[in-house]
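Protein chains: 2
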Amino acid sequence: MSQDHEKSAPADGNFRDEETGEPRADFVAAVEEAIAEGDSGHVKELVSPLHEADVGALIELLDHEERPRLVELMGDEFDFAALTEIGETTREEILEELPVATLAEAMRELESDDAVAILETLEPEEQAQVLEALPAQERIVLRRSLEAAEGTAGRLMQTTLIAVPPFWSAGEVLDFFRATEPDELPDNFFEVFVVDPAYRLLGTVFLDALVRAHPKTRVEEIMQADRRRVQFDEDTEEVARLFERYNLVSVPVVDEAERLVGVITIDDVVDVIQEAASEEIKALGGVSPDEELTDSFWWIVKSRFLWLLINLGTAFISASVLKTFESQLQQMVALAVLAPIVASQGGNSATQTMTVTVRALATRELSRSNALRIIMRELATGAFNGAAFGLLTGLVAANWFQTFGLGPVMALAMFTNLAAGALGGILVPMLLERWKVDPAVASGSFVTTVTDVVGYGSFLTIATLWFRLG
Amino acid sequence: MSQDHEKSAPADGNFRDEETGEPRADFVAAVEEAIAEGDSGHVKELVSPLHEADVGALIELLDHEERPRLVELMGDEFDFAALTEIGETTREEILEELPVATLAEAMRELESDDAVAILETLEPEEQAQVLEALPAQERIVLRRSLEAAEGTAGRLMQTTLIAVPPFWSAGEVLDFFRATEPDELPDNFFEVFVVDPAYRLLGTVFLDALVRAHPKTRVEEIMQADRRRVQFDEDTEEVARLFERYNLVSVPVVDEAERLVGVITIDDVVDVIQEAASEEIKALGGVSPDEELTDSFWWIVKSRFLWLLINLGTAFISASVLKTFESQLQQMVALAVLAPIVASQGGNSATQTMTVTVRALATRELSRSNALRIIMRELATGAFNGAAFGLLTGLVAANWFQTFGLGPVMALAMFTNLAAGALGGILVPMLLERWKVDPAVASGSFVTTVTDVVGYGSFLTIATLWFRLG
């Protein structure tokens, strides 16, 4: 048995396959076996050497009931930072099972931003109990972050930081580092903040400037006074854009009185960026931005059902346009075969325009200064491709059904629908953005309804006129 | 006139509106006016105070012919790093207009990763000329980066770094910083690399550890020897995943012999992450990953046309399924009205599954360890929602056309199509990934063809049997 263990679960750090970087199924199986046996020693031996991110990935691969058991069996050796690396649903499930004392102990060991990420998942009552069990100083700091609205700088920031008065010398700052206990300093830091007696932010000094300076130089002489800062209640996606645009590595957070309250580092911002991109992709695909790969069957059924229901409504709107032309369809069944082609080509073309527009709005590339130029370009592209595909599909349709008239009818309808689609594809997201509705979530249904209705409507109306169907 | 200038273009840093963060149209107009007048002094006065990222944003808002003129009028004061912040098409346009001497001078002033980003945009011949005009040492370093394949760590890395031998003391390193000319050190740095005489990487010391250490401590005692490193030819998206997973701020780059050749910092990785997300979103929307908002009309027409052509092909495949049932459609025109509803609902449901799958493949959340579980869950979701929407649309259809039989026919077809769509939505991207085809680019067309063909085919076949249409 023990040999088996050794074979299936090589000692430390081999959670991921070296070639593919994917988690190894045999490692996961070995952990599952150790959990089933309640073998705390063996679980620790396997999991302790892993990086917190890999512990998170491992937890997501376990079955629901194995997850809290892993935390239990790991005991003191469990690094709660791993819980910040997993999906919210899974985190909730695990935290529900843990006693308040364990959670309070964990909060003390975590950096403040990780502690906040875990506390915000708890039910209000349990959150209050955990906070009560903490020393006053830590409680106050965590409470301030939790009072910040979700998705703001205050929630994302780290409160452990180094602040010094402007009259200190570079040498004094270095001496201060050496004299301070390591656990009173942040785990890793790149800069020192300079504050006045009221803790108002005067500027910052990066470590490299500090070590390059003469030891007698006062920090106010080498500090960057114009350093970008963000407000406590700033939206995190705004903060992320600032980091991206100006290639920042960290940014100080201040309150209304310009007092320094925390610092946001780029590793937290990377998560915000990745999260925002995931949400945009999911929204465009008609999936709830909250959905995660580990979510349960019922959660997913419910969330997808709602969106499909809305789309079913729009499908019936398009179908009712077809129904208006029932008699024409009966007189000339070729129309029923060809109409979906006009609608689908319009939908695809409009989706191209919509995708580009939604992305440009998200990255703030599309603004008032260039909106008109882009609208005109998209309209021209739609019209040009509409004419080209009109000609092409007109030729094919006329030949396929050996009916000359289907050529011009198809061509005209295709042109109309692609031009209308381009206009809808750019205007719908821009209007939604102006009305403060997320364009990624809502644009798709609107735009394809436009191209279905215009596609069916124009094709069948033009056909009715051309062939004098009544 | 000069008063007008002052009003329309407030002095420094006011390129962006304070409220919205968007570029100000009046500022852009003032720059355009100064360019039109060839007023070099005024152009400098407006543009010099801006951050390189904002200069980039400004350039993108100018007309094509104004862009190289801006660079000319700025003269020595133009910061070429701004050109790394703009789209590739625009960069090419501008670089084409500039003389080799200007480019060579610019390359000397840029950090190596920015210089490489600009050099790689040049035609091979011009690139060789610019390299020839550089001092040998800089030429060698830049050439090594350019020899790395596009999209690899070698292209992304920065070659200016600090490396010290293991026997140096912390104090000696700090003295070395103070004794070195600032322009010989990187602009900003957070760590010192420890190398052996053959320049093989032994470990790294973060600045905070260095300043905390006693001055007599040898760097080998405080270095992290197990620091993660990446190979010169590693894919940049792989590198980005490493940064994200382990919350890294920088990572050393080594060659096959484990020799230190450069360092990748997180600000460059943020661009890779954002770029990868943009490409995925565009690909899912049927837009070329290379398309940029500033691209010209003709470029866009051509790139979108190709993708629409492929989709037109699939639309004709679906239409030919409809054509097979021409006589049935003629006998019962309600079928022509309802068939698109079955196809569209299947398409939307399959797109949900496909979106989740493509995203999970991109983030490496979906692996062999959990694939089967996710496939079963998606299939169950498709079947469940298929049954629910089958019931719902069956009821509506039977009532709408006052024909009882349409109910069960619609219900059965809807169930079949949503189940097939779920299977297609997850299997198509997974197979494409295994065949090394980007699932974001190719899945959409495949999946909607499946749901169109299965939707039309199953609905009309079941209807033919139920109503004994022949």
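For the protein sequence lines, the chains are C and W, in the order given. Mapping of the first sequence onto our numbering: residues 5 to 474, in sequence order. Mapping of the second sequence onto our numbering: residues 5 to 474, in sequence order. Glycine is no exception: its CB is placed at the ideal position from the N, C-alpha and C atoms. Every value quoted in this text rests on a predicted model; they were computed, and no experiment measured them.
Contact annotation: W:T357 and W:G448 have beta-carbon atoms that are not nearer than 7 Å. In its chain, beyond the 5 residues on either side, Y203 and R204 have a beta carbon closer than 6 Å to the beta carbon of C:R263.
Runs of the alpha helix (DSSP H) lying entirely within the segment 297-353 of chain W and spanning at least 4 residues, in chain order: 301-328 and 330-335. Residues of chain C whose Cβ lies closer than 9 Å to the Cβ of W:E248 are, in chain order, A57, D271, V274, D275 and Q278. If you keep only unbroken beta strand (DSSP E) runs of at least 3 residues inside the segment 107-181 of chain C, you get nothing at all. For W:I430, the nearest beta carbon of chain C is not closer than 7 Å to its own beta carbon. Linking C:A40 to C:V75 through their CA atoms gives a straight-line distance of about 13 Å.
Put simply, of W:A347, W:S300, W:W311 and W:L50 the residue whose alpha carbon is nearest the alpha carbon of C:N315 is W:A347. Here W:V32 has L62 and L65 as same chain residues with Cβ atoms under 7 Å from its own Cβ, once five neighbours each way along the sequence are excluded.
Under the Cβ criterion of 7 Å, W:S371 is counted among the residues facing chain C. Close CB contacts of C:F405 within its chain, under the 7 Å cut and outside five residues either way in sequence, are with A338 (chain order). For the pair W:G175 and W:D200, the Cα-to-Cα distance works out to about 19 Å. C:M161 sits away from C:V258, with the two beta carbons spaced by 7 Å or more. Taking C-beta separations shorter than 8 Å and ignoring five residues to either side along the sequence, the partners of W:R28 in its chain run N18, F19, R20 and D21, following chain order. Take W:L326, set aside five residues on each side of it, and the residues of its chain with a beta-carbon closer than 6 Å to its own are Y460, in chain order.
Linking W:R232 to W:V255 through their CA atoms gives a straight-line distance of about 7 Å. The DSSP-derived three-state label of C:I268 is strand. One thing to note: W:L342 has its Cβ within 7 Å of the Cβ of W:A401. The C-beta distance from W:F210 to C:N352 rounds to 51 Å, too long to fall under 8 Å, and the pair is not in contact.
When DSSP states are grouped into helix, strand and coil, W:Q228 belongs to the strand group.
At a cut-off of 7 Å between C-beta atoms, W:K220 does not count as an interface residue with respect to chain C.
Following the DSSP letters along the chain, one finds C:T385 inside the alpha helix (DSSP H) bounded by residues R372 to W404. In the structure shown, W:F197 adopts extended strand secondary structure according to DSSP, grouped into three states. Along the segment 281-307 of chain C, going in chain order, the ones with a CB nearer than 8 Å to a CB of chain W are A281, S282, E284, I285, K286, L288, G289, G290, V291, E295, L297, F301, I304 and V305. Beta bridge pairing from DSSP links W:Q235 with W:V258. Between C:N389 and W:F309, the CB-CB gap stays under 7 Å. Assigned with DSSP and collapsed to three states, W:P412 falls in helix. Contact note: W:K48 does not reach chain C at a C-beta cutoff of 9 Å; the least C-beta distance is about 20 Å. The DSSP-derived three-state label of C:G429 is helix.
C:E382 sits buried, since 16 or more C-beta atoms from the chains shown fall within 10 Å of its C-beta.
Between C:L114 and C:F82 the beta-carbon gap is near 12 Å, outside 8 Å, which marks them as no contact. Here DSSP, grouped into helix, strand and coil, assigns W:T240 to helix. Counted as a single uninterrupted DSSP element, the beta strand (DSSP E) harbouring W:G207 occupies residues L205 to F210. Judged by DSSP secondary structure, C:A38 falls within the alpha helix (DSSP H) whose first and last residues are A29 to A40. A straight-line Cα-Cα distance of about 10 Å links C:D272 and W:L252. The CB of C:K327 comes closer than 7 Å to the CB of V341 in chain W, given here in chain order.
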